[in-house]
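Reading through the structure tokens given below for one structure.
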Amino acid sequence: MNAIRRAALLAAAAALFPLLAACSPAGEAPQDKTAAASASGLTVSNARLVLAPVAGNPAAVYFDLSYNGAPGVSLTGVDVEGAGMTMIHDYAEEAGKMRMVMTDAVPLAAGTPVNFAPGGLHVMAMDPGSELKPGSIAKVTLTLSDETKVSIEAPVRAAGDER
Ligand SMILES: [Cu+2]
């Protein structure tokens, strides 16, 4: 191998290395429930999808949001790959009873964490497909009012599992 060719190969290897490191499959990025995704000041963590006791009934998606972006932004939609329509729900007291209510937008404010959790805010995912089975991973994409999208991998849990 001559010197020029060797130098060119070294340069090519150096240019490739960051890419290879960034997409190594079993690499440094933690793949457990503590994995977080973020964009435009929004960080999503602790995502999980909990199936209903009856297969095919709506599943619930929970996650924790922290935000340090621009003011006036809200969470306007959540998509779940492999499921049908989704809705953001909250619980509200009405005539002494807790009822689920639809929520169009969840305002985000810097320094104010928002938790989607059992008994409170949650995403209902209609018609979860059979590929969303316990132990699998659901790709959940959050959309903000400023068009930002953040995708996170949510472990799928059975109805009886910890929520
Ligand atoms: Cu609901």
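Under the numbering used here, think of the first position of the sequence shown as 49, with each following residue one higher.
Virtual Cβ for every residue (Gly too), placed ideally from N, Cα, C.
Computed from a prediction, not measured in an experiment: that's the story for all the values here.
1. Below 7 Å, is the gap between the Cβ of residue 133 and the nearest heavy atom of ligand 1?
2. Quickly, what does DSSP pair residue 155 with across the bridge? List them, please.
3. Would you check if the stretch 190-206 and the stretch 134-144 touch, i.e. whether three or more CB-CB distances between them fall below 8 Å?
4. Quick one: any contact between the stretch 104-115 and the stretch 174-192, if contact means 3 or more CB pairs under 8 Å?
5. For the candidate residues 155, 88, 156 and 128, whose alpha-carbon lies nearest to that of residue 110?
6. Per DSSP, which residues does residue 145 bridge with? Please list them.
7. When the Cβ atoms of the stretch 158-171 are set against those of the stretch 200-209, are three or more pairs found closer than 8 Å?
In short:
1. Looking up residue 133 in the sequence shown gives position 85. For ligand 1, not one heavy atom lies less than 7 Å from the Cβ of residue 133.
2. Position 107 of the sequence shown holds residue 155. Its beta-bridge partners are 122.
3. no
4. yes
5. Taking the first residue of the sequence shown as position 1, residue 110 is located at position 62. Among 155, 88, 156 and 128, the Cα nearest to that of residue 110 belongs to 128.
6. Working through the sequence shown from its first residue, we reach residue 145 at position 97. Beta-bridge pairing links residue 145 to 142.
7. no
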